[in-house]
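Residue numbers (our numbering): 1 to 327. Cβ atoms here follow ideal geometry from the backbone N, Cα and C, with glycine treated the same way. The structure under discussion appears below in the form of structure tokens.
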Amino acid sequence: MLPVYNCELYIKETIDSVLNQTFADFELIVIDDCSTDQTVSVIKEFSDTRIRLIEKQVNSGLINSLNLGISIAKGEYIARMDGDDICLPERFAKQVAFLDNNPNIILCGTAYQTFGAIEKVIRHPLSHKKIAAQLCVHSVFGHPTVMGKKAIFEQHNYNDDFKNVEDYELWSRLIFEGEVANLDEILLFYRVHENQVSTIHNDVQQQRSIDIRLSLFKKIGYDVILFSDAFVKKMLYLGTYFTVAEFSLFLKWLKEISALNQTTKVYAAPEFENVLTGLRRDLIYRIFFHSNFCKIDKQWRIQAFNKLSFSDKVYVLKLKIKEKSKF
């Protein structure tokens, strides 16, 4: 499933990479969202009968294109692609084999290599337990690397209320419908350039991502009166000043959801504890080692230090000693 919009510079290379898959039994559904460049003309130069080109009459956005593609797909599995990325030849074969051999898995992604403006290898957690826990703080799938069961996509469409983070929102629902996984093998090259949604709409993405994170934490069943949505979102976003009292309340919230999860078992305990520790330590590090963080001053930090547990105080002091030893 390949939604496209104004991809004339990259679409030929992308389609070539799909058509050259070692696994040949597939249909390539290309949904064009009223491109204003030569994207459609380039696509029509291909004569491969596996290509199904859908030319929308109204520019209605990516989410509409994705859900349209899901509704007309004929295969057992649906693989995602973007109009500027490149599949490695073995991608489909390896993901199909993995899903066939693991019927409990409803969705799998892969590791991938970015290229263009940024070049690095991205690897995500492999097991369902780690993926589910880490989704509470960020998305752990490369969207164009994903392949999943068509039946699951049909039951759970992309949500139009989460534009620019529609993939993250979908994963946040699917982890409660079956097991998910990532393959620890690079099977896609992910192009990074200035015209991407993730570059243009970064602030909007961050705010909507916070809403998704909040919904995942709320599944644990903590006290939403004591820990209001507005408060939790503020502390997860960390973009504005917060008081020492709010910092202390946030530490209390982390303890409460940790204890509750031990009982409710919404997330695997060891994996979820690692996520909460990382969340807490990241905030503490910002407070004590980022001088301009949220406009807090020395007196604020002294008061905050007194709110820390013994182990977190030791954590801060060790880092302070290490920092001074560099000079």
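Beta-carbon proximity of residue i to residue j, cut-off 9 Å
i	j	result
ASP33	LYS56	yes
PHE288	ARG280	no
GLY69	ILE31	yes
TYR315	PHE189	no
LEU107	LYS150	no
VAL192	ILE118	yes
LEU66	TYR5	no
LEU214	ASP229	yes
ALA93	PHE23	yes
LEU238	ARG208	no
ASN274	ALA97	no
VAL137	GLY278	yes
ILE175	LEU236	no
LEU183	GLY109	yes
HIS128	ALA181	yes
LYS307	PHE231	no
TYR334	ASP84	Outside the modelled stretch of the chain, which goes from 1 to 327, sits residue 334, for which no answer is possible.
GLU90	LEU2	no
LYS320	TYR241	no
ALA268	LYS130	yes
SER60	GLU154	no
ILE212	VAL165	yes
LEU260	PHE227	no
VAL357	GLU8	The question about residue 357 has no answer here: the residues shown for the chain are numbered 1 through 327.
Residue range of the alpha helix (DSSP H) that includes residue i
i	result
GLY116	Counting along the chain, GLY116 falls outside any alpha helix (DSSP H), though it belongs to the beta strand (DSSP E) covering 105-116.
MET235	229-237
LYS129	128-134
LYS265	Unbroken run through LYS265: none, as it is neither H nor E.
LYS149	Unbroken run through LYS149 is the beta strand (DSSP E), 147-149; no alpha helix (DSSP H).
VAL137	Neither: VAL137 is in no alpha helix (DSSP H) and is coded neither H nor E.
ASN202	202-218
ILE302	298-305
PHE92	91-101
TYR168	166-174
One or two residues paired with residue i in a DSSP bridge
i	result
LYS333	Any question about residue 333 goes unanswered here, given that the chain covers just 1 to 327.
VAL4	ASP32
Where the beta strand (DSSP E) containing residue i begins and where it ends
i	result
PRO270	Not the beta strand (DSSP E): PRO270 falls in the alpha helix (DSSP H), residues 269-289.
ARG123	Run containing ARG123: none; DSSP gives neither H nor E here.
GLU185	179-192
Proximity test, residue i beta-carbon vs the ligand ADP heavy atom, cut-off 8 Å
i	result
LEU236	With respect to the ligand ADP, the structure offers nothing, as it holds no ligand at all.
For the structure I just gave you, are there three or more beta carbon pairs, one from the segment 77-88 and one from the segment 123-133, closer than 8 Å? Contact between the segment 77-88 and the segment 123-133 is absent, because fewer than three Cβ pairs lie under 8 Å.
Can you list, in chain order, the stretches of the beta strand (DSSP E) that have 3 or more residues and sit fully within the segment 14-89? 28-32, 51-55 and 77-79
So, do the segment 11-29 and the segment 40-48 have three or more beta carbon pairs nearer to each other than 8 Å? yes
So, do the segment 249-260 and the segment 217-233 have three or more beta carbon pairs nearer to each other than 8 Å? yes
Please determine if the segment 156-165 and the segment 88-107 are in contact, where contact requires at least 3 C-beta pairs separated by less than 8 Å. no
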